[in-house]
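Report on the structure given below.
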Amino acid sequence: MPATAVADTVHVPYEELGRLAVRTALGHSSDSAASPASAGEHLLLGTHVVVRGSVGAVGG
Numbered sequence: 158m159p160a161t162a163v164a165d166t167v168h169v170p171y172e173e174l175g176r177l178a179v180r181t182a183l184g185h186s187s188d189s190a191a192s193p194a195s196a197g198e199h200l201l202l203g204t205h206v207v208v209r210g211s212v213g214a215v216g217g
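If you want this note's numbering, it's the position in the sequence shown, counting the first as 1, plus 157.
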């Protein structure tokens with residue numbers, strides 16, 4: 158029985174990432190929680206796995 162491969166990808170919120178980068182670089186934000194107060198802080202953006210069934214059976 159051939160194994161079926163499933164291709165998964167990770168969705169990255171590029172638009173949100175870009176907005177946050179600009180706000181951080183300019184030093185202001187409409188949401189104070191989205192702007193780090195110091196250089197040592199980390200910002201966390203959500204990602205999620207997208208399961209794709211677009212890959213066929215492996216083997217011959």
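Using N, Cα and C, we set each Cβ at its ideal position, and we do this for glycine too.
Legend entry - Nearest to residue 170 (by Cα), restricted to the options 197, 184, 201: With distances taken between Cα atoms, residue 170 lies closest to 201.
Legend entry - Residue range of the unbroken beta strand (DSSP E) whose run includes residue 166: First-last of the beta strand (DSSP E) with residue 166: 164-168.
Inset, instruction - Return the CA-CA distance between residue 197 and residue 208, expressed in angstroms with no decimal places. - result: Whole-angstrom Cα-Cα distance: 34 Å.
Inset, instruction - Kindly identify the DSSP beta-bridge partner or partners of residue 209. - result: According to DSSP, residue 209 bridges with 164.
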